[in-house]
Amino acid sequence: MIATPHVDWFAISTILVLLGASGIALLGAVLVPRALRRPFAAAVAAAGFAGGIVTSVWLYVDSVDGHRVIANGFYRDRWTALAQVILCSVGFATTLISVEHVPGWGRNADRSRRDDHVAEYFSLLLACAAGMTFFVGAANLMTLFLSLEWFSIALYVLCAIDYDLEGSLEAGLKYLVVGSFGSAALLFGSALVYGATGSIGFPEIANAVGGQGLSGDLMLVLGLALIVAGLAFKSSAAPFHMWTPDVYEGAPTPVTAFMSAATKVAALVLALRVLETSFGQESHLWTWAFAGIAVASLAIGNLAALVQRNVKRILAYSSVSHAGFLLIGLSAGTALGGRAVMFYLIPYSAMAFGSFAVVAARERELGEAVTLENLAGFGWERPFLGVAMWFFLFGFAGLPLGGGFIGKFYVLAAAYDHGWAWLVIVGVLATLVSLYYYLGIVRAMYMRPSAERGLQTPAVAGGSPPREALLHVAVGLALAVSVGSLFAVQPLIDLARHAALSLPF
Amino acid sequence: MTINSVTSLLVWLPIGAALVVWLLPLSRYATGSLAVLVSLVEVGFWIEQAARFDFGHSGLQFAQRGSWFSDLHVSYHVGEYAFSLWLVGLTVVAMAAAIGYGFWVGRDRSRAYFGLMLLLTGATVGVFVSQDLLLFYAFFEAMLIPLYILIGVWGGAGRLGATVKFLIYTMTGSLLMLAAIIVYGLQAGTFDLVDGPTSASRWLFLGFMFAFVIKAPLFPFHGWLPDAYREAPPEVSAVLSGVIAKAGLYGMLRIVLPKFPDPSSYYRTAILALAAASLVYGSLLAFRSPDFRGVVAYSSLAQSGLIALGLFSGTNLGLDGAVLQMVAHGLVSVSLFLIAGAVERRTTTGELALLGGMARGRPALATLLMVVGVISLAVPGSASFAGEFLVLAGAFQRAWWWAAIGAGAIVLAAMYMLRLISAVLHEARGSVVTDDALDLRAGELALVVPLAAVLLALSAFPAGISHHSFAGDQPTSAVQGQFR
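Same order as they appear, the protein sequences are chains A and B. Using the working numbering, the first residue of the first sequence is number 1, and each one after it goes up by one. Using the working numbering, the first residue of the second sequence is number 506, and each one after it goes up by one.
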């Protein structure tokens, strides 16, 4: 008889809800007739994510004193719960834009086979989100690695799911290879840390480092470096970003939208947790490491974006540069930095998701990859999506049209508070460079006449598809969050502050 | 609704109206009428506010304050001093004229156009009433977005290059200002402009000044100016030179001078030298400029220099004159750009070589251009003369040679403005001037005549502004006291 630990089912309710929905959606793939498969699976996914939002909000309210549950393997606290709310919201919005898009709408798609794998798609999306919601609450190196692989494997398949679409398979394979490398680094790092300290629980590692005077121990430092590298892979920070543009470009656009928002949230939330909880004594090392990674991400992301023509690639490099901005807050290693990152993630995930959703709409309309050339006139043809897009882009650029402005202000303030005025200057210069390509997209949408567009017009591609109400709703929600977070700074920063109280700053 | 919320109303009414215009599928005519109506209501609110303003009181008036986010002590804090009241007045009047012009010429994509103009109105008023640094920055940047799109969509052939240059220049300045704001705010423990302490940091001073000299602009940071003023639609050029440029000068007066007294006196000579260089260089370029708008654009550069000369002279006369000149030049330059737009609509070009002889048969155009032009060249008795005289007297108190340079530049102003007037109105009839080119129509007169009338009233009674910009007769001590 093996002694089973006491299980706090409520603590993992979000994960269970998502997993349950995932299972039901998968059953739908076999049991529900093909004609109903798409609406059924989408409805299950939407219900699952809505349920996940409810349970994680409840968990946030009900977890004032954070503690570990289930054999000290999982954190039940507000830091976890708030991240789960963001992740489930992104998942919900992704469901909305996926209904008409995925999989099999590509140019070469066989229309009759369109609904073959739609239920699997939603099932994987739910499973992936379940893995992420587990990941953000991981409390030891074992659950950390397990949940990392859990959501990564789901993401590899999601990237490759649209096998009729050029580049989707390639994206999946590329992500698999490079992602495995990142996972391997993280696993190896975990092994070294375990070897040095003899513990896998996050607080136990810190105790061991403090108790045995291991600070600066070579094996521990090497392990920490590899864990940092593994997490940087997932948050697509330079120089671990090489996969980002290719995968973001090749994956089906709704998947890209989900990845760009959710993966970054999961990776950064967990990074703050593990670094603060386990490696507080080594903070002089990892703050500098992340400052370096942040500067590299800002430089590489922004400069590479300048020369791109494909809009998904531009946004992918913008995602790299935003990893840099968020890591500025992380590298401060203070409570201010912690809540700055958590706050920034809210408008950031809305803007990242929203901008890719708009690209998805245009892509579907044209039946080909969206470039700066064939974006011409889009702002006038689709006024709502166009205006939403410029709100997202100006928000990315840190202009005061959304919470991105406050987020940037907060992370830079955290850097200055930490005594790093030079990092403020770097952040400001990076913003300046980024303006050029964000405005390039706005310019393409509004200021170049449609006549300059290439041969491919909606008419050639078989006429504009009908307006998609659900996609508009999703973009509207993203717009509301992104603009609303400019006005509702106080309530959101309070949420983030209470969440950050769970971490030992 | 308290009496003080009229300041907030001036900011948010046009922004709300912009949302209405964007969301409701109104016709072009209804959209334009609504925008004009809202801009006139703004003028009405401002007049009502000015009537209730207590010019003898030195503190902030019509103030409203609420926490925005408390952990970094950032608040929504708006209010007005006497000098901000005048600049708000300039903004609402200029925007009403510009929106009216847009309605008159019938800009296409009217809902987008009028929404952006209204958004610009709200953001610009916001700059002049913000009493919190982050709020100020937010509005300062928010002005850029509508301007960028207005120039980029409705501008001339070279608009794309002009917008890029304009945005990169101004954002370089403002992002350095953002860094300075963060450092200042965290050091001071508050971002509030009224509560905030003075700072002796030269780096912070330079961060703020960099943004403001680009916005104003002063030589040698004016690279964006000629393209933006030439390529923008005329009413946007009018707003840009008449109002937006004043935001930079206002920033010097509201933030730099009171909060950075030591660095201001340390760099005084350097700033005065830049101001004098802008004055002379701008005037010379205006004299050489081949087109109508180029003359007005470079004269704006010169006038920015003159105003900065007054601000940084650090004398009572200079400060009084600078505020008066901000308003007077704002009105002059709005009128001149609108007239330039009217001329270009009739002749398809602003090239002075192709124009000429337009006075014959067009008495209204001739009279108005003459009136505004003569006020602009600071003929004695005009509002500009009063402003420039005060500025030069202030500069003279600092050192006689600043006044000497300024006086020389005023001679240049007479030269370029008379050259402009004669090239458009007189001389032989230009090749593009046909008999079909009508005189100013009723709609255009309705826009420019009120502006000219305000200018004439201001010429008759310049002390209305110059004695009512700072409580008491000691602007320098008001600045030293940080306007508390």
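Think of the CB as a built atom: it goes at the ideal place given N, C-alpha and C, for glycine as much as any other residue.
Determine whether the Cβ of G657 (chain B) lies closer than 8 Å to any Cβ atom of chain A.
yes
I believe S887 (chain B) touches S964 (chain B) by the beta-carbon criterion, under 8 Å. Please report the beta-carbon distance rounded to the nearest angstrom.
5 Å
Of the residues B:W517, B:A942, B:A602 and B:W591, the one placed nearest G969 (chain B), counting alpha carbons only
B:W591
Taking the alpha helix (DSSP H) that H498 (chain A) belongs to, which residues open and close that run?
V489 to A500
Under 9 Å between beta-carbons, which chain B residues line up against Y446 (chain A)? List them in chain order, please.
A617, I654, G657 and V658
Count Cβ pairs between the region 314–334 of chain A and the region 227–242 of chain A that sit closer than 8 Å; are there 3 or more?
yes
In angstroms, rounded to a whole number, what distance separates the CA positions of V69 (chain A) and A540 (chain B)?
60 Å
So what does DSSP say about D62 (chain A), is it helix, strand or coil?
helix
Cβ distance (whole Å) where A601 (chain B) is taken to contact A628 (chain B) below 8 Å:
In fact, because the Cβ distance is near 16 Å, the residues do not count as touching under 8 Å.
Evaluate contact between the region 609–624 of chain B and the region 532–548 of chain B, counting only Cβ atoms and requiring at least three cross-stretch pairs below 8 Å.
yes
I need the DSSP call for S484 (chain B), collapsed to helix, strand or coil.
Since the first and last residues shown for chain B are 506 and 989, residue 484 (chain B) lies out of range.
Using 8 Å as the cut-off, can you tell me whether the region 604–617 of chain B makes contact with the region 947–955 of chain B, which would need three or more C-beta pairs spanning the two stretches below that distance?
yes
Opening and closing residue of the beta strand (DSSP E) in which E856 (chain B) lies
Premise fails: E856 (chain B) is in no beta strand (DSSP E) and is neither H nor E.
Return the residues of the region 572–599 of chain B that lie within a Cβ-Cβ distance of less than 9 Å from chain A, sorted by chain order.
S572, W573, F574, S575, D576, L577 and V579
May I ask you to list, following chain order, the residues of the region 327–349 of chain A that have a beta carbon less than 7 Å from some beta carbon of chain B?
none
Given a cut-off of 8 Å, decide if Y410 (chain A) and A340 (chain A) are closer than it, judged by their beta-carbon atoms.
yes
Which of helix, strand or coil does DSSP assign to G454 (chain A)?
Because the pLDDT at G454 (chain A) is just 47, under 50, the model does not fix this residue reliably, and the point stays unresolved.
Among A:F74, A:S13, A:A93 and A:F40, which has the Cα closest to the Cα of A350 (chain A)?
A:A93
According to the Cβ coordinates, are L838 (chain B) and S809 (chain B) closer than 8 Å?
Before going on, a small fix: residue 838 (chain B) reads as Ser here, not Leu. No, the pair does not count as a contact, with Cβ atoms beyond the cut-off.
Compute the Euclidean distance between the alpha carbons of D978 (chain B) and R614 (chain B), then round it to the nearest angstrom.
49 Å
Tell me the DSSP secondary structure of G584 (chain B) in three-state form.
strand
To which residues of the same chain is L470 (chain A) closer than 8 Å at the C-beta, ignoring the five residues directly before and after it?
L96, I97, V99 and E100
By DSSP's criteria, N140 (chain A) is part of a beta bridge. Which residues make up the other side?
A:G201
Local conformation of A459 (chain A) per DSSP, three classes:
For A459 (chain A), the pLDDT reaches just 44, beneath the cut-off of 50, and the residue's location in the model is therefore unreliable, although a value from the coordinates is still provided. Three-state result, A459 (chain A): coil.
Any chain A beta carbon closer than 8 Å to I687 (chain B):
yes
Check the Cβ of I650 (chain B) against every Cβ in chain A and list those closer than 9 Å, keeping chain order.
W390, F394, L399, P400 and L401
Pick from B:A556, B:V744, B:F671 and B:F574 that is closest to A587 (chain B), judged by C-alpha positions
B:A556
My guess is that L385 (chain A) and A361 (chain A) are in contact by the Cβ rule of under 8 Å, so how many angstroms apart are they, rounded?
6 Å
Since L126 (chain A) and V157 (chain A) are thought to touch, with beta carbons under 8 Å apart, how far apart are those beta carbons, to the nearest angstrom?
Not quite, the Cβ-Cβ distance comes to about 13 Å (not below 8 Å), so this is no contact.
CB contact below 8 Å: L683 (chain B) versus chain A
yes
Counting beta carbon pairs with one atom in the region 707–722 of chain B and one in the region 576–584 of chain B, are three or more of them shorter than 8 Å?
no
Considering only their Cβ atoms, is the gap separating A781 (chain B) from L814 (chain B) smaller than 8 Å?
yes
Chain-ordered residues of the region 906–922 of chain B with a beta carbon less than 7 Å from chain A
none
Determine, for A643 (chain B), whether the minimum Cβ-Cβ distance to residues of chain A falls below 8 Å.
yes
Closer than 8 Å by C-beta to A296 (chain A): which residues in its own chain qualify, once you throw out the five before and the five after it? Chain order, please.
A237, A238, P239 and G324
Is it the case that the Cβ atoms of I926 (chain B) and G862 (chain B) are separated by a distance below 8 Å?
no
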